[in-house]
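Going by this note's numbering, the sequence shown opens with residue 6, and the numbers climb by one from there.
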Amino acid sequence: MTVSLEQLRRCHFAVDLGAARTRVYVKGAGLVVDEPSVAAVNTRSGALIAVGEFAQKMTGRTPGYIRVVRPIAGGTVVDIEMAQRMLRQLLGDKMRRSLRRNLRLRAAACTPHDADPLAQRATIETLVGLGARRVELVDTLIAAAVGCGLPVERPEATMIMVCGAAATQVAVLSLGSIVTAERIPVGGEAVDHAIVQHLRHEHELLLPSQSVRPLQLALSGNGLTAHGPASTEIHGRDVVTGLARSVRVDTAAVRDAIQTPLTAVLDGIGKVLRDCPPDLVADLADSGITMVGGSALLPGFDQMLRQATGMPVHIAERPDICAAQGIGAMLEGLIEPLVLNPLAA
């Protein structure tokens with residue numbers, strides 16, 4: 006592994022700060038937090054009103070003095086103080102007191118591949134504000150690969166694709182390290198935006214943010230393929246009159262709108278394969294691509310990748326929590342470091 010497993014075993018808790026959801030793994034207790042990375046604040050008093058699921062339900066439904074904020078964007082903390090307040094609330098008083106009993110509290114955190122020093126520093130400062138004396142950073146790609154059970158420590162290629170809300174990360178791993186990787190600034194949010202823009206231009210319908218996901222689920226079954234449902238009804242606000250209106254949406258047209266952002270993901274996969282040594286690419290013909298992350302569940306996405314690359318594509322059993330499970334396994338000491346047997350003299 007590129008990270009120090011010995012240092013990670015000394016950590017007491019780990020945090021996966023995602024643009025969509027925040028997850029906290031506590032050593033000995035497992036995954037204790039899995040909530041949306043959202044907080045609602047009273048702008049008059051500065052008081053924190055809600056976090057997580059409840060705050061997410063407030064999006065677009067609040068009076069002027071309540072602001073719904075997202076302190077994490079693209080796996081990077083953009084508002085350290087708000088991120089700390091959100092994490093404190095999500096953990097709760099009982100769990101925080103339990104963690105603070107450790108005089109030398111250590112923490113670990115997942116960071117996006119090739120995160121710049123400022124982004125890394127923001128993550129460290131966030132956890133130091135929670136009482137951590139030392140913070141270890143783990144590449145999200147390695148944590149996710151460990152979490153979904155890939156044999157990353159072996160001298161053979163494994164390819165993983167982390168489909169996040171703000172970005173998609175693709176990498177080829179071997180001997181516990183990243184051989185080649187690419188971060189594509191296209192994720193689930195870009196797909197949602199493509200759907201919203203399509204409905205606005207084609208049907209003059211303004212779609213509420215909470216209605217995008219049900220529309221994607223309406224494409225389920227065969228999803229992005231032409232064998233899915235022919236149409237589905239969606240409710241929104243008329244752009245011209247401002248009144249509520251329902252339209253019957255052609256799902257084939259929605260599939261075409263989704264294809265545009267997903268094409269960038271295919272280009273990123275092609276670049277990773279071109280930069281990868283030929284011997285490792287040959288291994289991938291059998292093992293294929295493993296998809297993790299919440300956006301991996303987009304109906305038909307795996308089938309589209311299968312057709313475009315000609316490689317096997319698998320979705321992890323619990324793709325949304327793989328990174329948290331992986332870094333948790335490192336904390337618990339379930340991952341053994343690679344030991345090289347020296348050649349006899």
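Each residue gets a CB set at the ideal place from its N, CA and C atoms; glycine is no exception.
Residue-level contact to chain B via CB, V140, 9 angstroms cutoff: You won't find chain B in this structure, because it holds only one protein chain.
Endpoints, the alpha helix (DSSP H) within which R279 is located: Taken as a continuous stretch (DSSP letters only), the alpha helix (DSSP H) holding R279 covers T256 to D280.
Where the beta strand (DSSP E) through R26 begins and ends: Here the beta strand (DSSP E) through R26 covers R26 to V31.
Beta carbon of P317 nearer than 9 angstroms to that of D291: The answer is yes: Cβ separation under 9 angstroms.
Unbroken stretches of the alpha helix (DSSP H), 4 residues or longer, contained in the region 189 to 214: Within the region 189 to 214, the runs of alpha helix (DSSP H) that reach at least 4 residues and sit entirely inside it are, in chain order, 193 to 208.
Three CB pairs or more closer than 8 angstroms across the region 184 to 191 and the region 330 to 339: The region 184 to 191, when compared against the region 330 to 339, does not touch it at the 8 angstroms Cβ threshold.
Distance between E130 and V151 (C-alpha atoms, nearest Å): The C-alpha of V151 lies about 26 angstroms from the C-alpha of E130.
DSSP state of C153 mapped onto helix, strand, coil: Reduced to three states, the DSSP call for C153 is coil.
Cβ-based neighbour list, I54, same chain, cut-off 6 angstroms, excluding 5 preceding and 5 following: Cβ neighbours of I54 beyond the five flanking positions: A45 and N47.
Residue nearest to D119 in terms of C-alpha spacing, selected from D144, S182 and V133: Among D144, S182 and V133, the Cα nearest to that of D119 is on D144.
R138 classed as buried or exposed, judged by whether at least 16 other C-beta atoms fall within 10 angstroms: Classification for R138: exposed.
Given I85 as reference, the closest of G134, R242, L178 and M296 once Cα atoms are compared: Taking only the C-alpha atoms, the option nearest I85 is G134.
Beta-carbon proximity check, R250 vs D243, cutoff 9 angstroms: In contact: R250 and D243 (Cβ atoms closer than 9 angstroms).
Straight-line Cα distance separating R93 from R105: Approximately 12 angstroms between the Cα atoms of the pair.
Exposed unless 16 or more other CB atoms sit within 10 angstroms - verdict on A235: Residue burial is scored here from C-beta neighbours: A235 has fewer than 16 other C-beta atoms within 10 angstroms and is therefore classed as exposed.
E158, buried or exposed, once every other Cβ within 10 Å from all chains shown has been counted against 16: With at least 16 other beta carbons inside 10 angstroms of its own, E158 counts as buried.
In DSSP terms, what V175 is bridged to: In DSSP, V175 forms a bridge with M166 and E187.
Neighbour-count burial assignment, Q174, 16 or more Cβ in a 10 Å radius: That one is buried.
Expected contact under 8 angstroms - CB spacing of A3 and V277 to nearest Å: In the structure as shown, the chain starts at 6 and stops at 350, and residue 3 therefore has no counterpart that could be examined.
R311 versus L110 - alpha carbon distance: Distance from the CA atom of R311 to the CA atom of L110, rounded to whole angstroms, is 45 angstroms.
Option in G69, A262, A170 and V196 with minimal Cα separation from R416: The structure shown has nothing for residue 416, since the chain only spans 6 to 350.
Environment of P282 [buried if 16+ CB atoms lie within 10 Å]: Exposed is the label assigned to P282, since fewer than 16 other Cβ atoms lie within 10 Å of its Cβ.
Residues of its chain near P41, where Cβ-Cβ distance is below 8 angstroms and the 5 sequence neighbours each way are ignored: Only A25, R26, T27, G57, E58, A60 and Q61 meet the Cβ criterion.
Where S182 falls: helix, strand or coil (DSSP): Shown here, S182 sits in a strand according to DSSP, grouped into three states.
Local conformation of S292 per DSSP, three classes: Looking at S292 - three-state DSSP - the assignment turns out to be helix.
Euclidean distance between Cα positions of H20 and G247: Per the sequence shown, the amino acid found at residue 20 is Val instead of His. One C-alpha to the other measures close to 42 angstroms.
T237 - DSSP class collapsed to helix/strand/coil: In the three-state scheme derived from DSSP, where H, G and I count as helix and E and B as strand, T237 is classed as strand.
Whole-angstrom C-beta distance between V82 and A353, which should lie under 8 angstroms: The structure shown does not extend to residue 353, since the chain is modelled only from 6 to 350, so the question has no answer here.
Exposure label - H203; buried when at least 16 CB within 10 Å: By the 16-neighbour rule on beta-carbons within 10 angstroms, H203 is buried.
Assigned exposure category for N227 - 16 Cβ within 10 Å defines buried: Confidence at N227 is low in this model, with a pLDDT of 48, below 50, so the placement of that residue is unreliable and no value is reported for it.
Integer-rounded CB distance, given that V37 should sit under 8 angstroms from M100: Yes, they are in contact, since the Cβ atoms of M100 and V37 sit about 6 angstroms apart, within 8 angstroms.
Range covered by the alpha helix (DSSP H) that runs through L302: No residue range can be given for L302, since it is assigned to no alpha helix (DSSP H) and is classified by DSSP as neither H nor E.
With 16 other Cβ atoms within 10 Å as the buried cut-off, status of Y30: With 16 or more other CB atoms across the displayed protein chains lying within 10 angstroms of its CB, Y30 is buried.
For A321, the nearest candidate out of T116, C168, V286 and R279 (CA to CA): For the residues T116, C168, V286 and R279, the minimum Cα distance to A321 belongs to C168.
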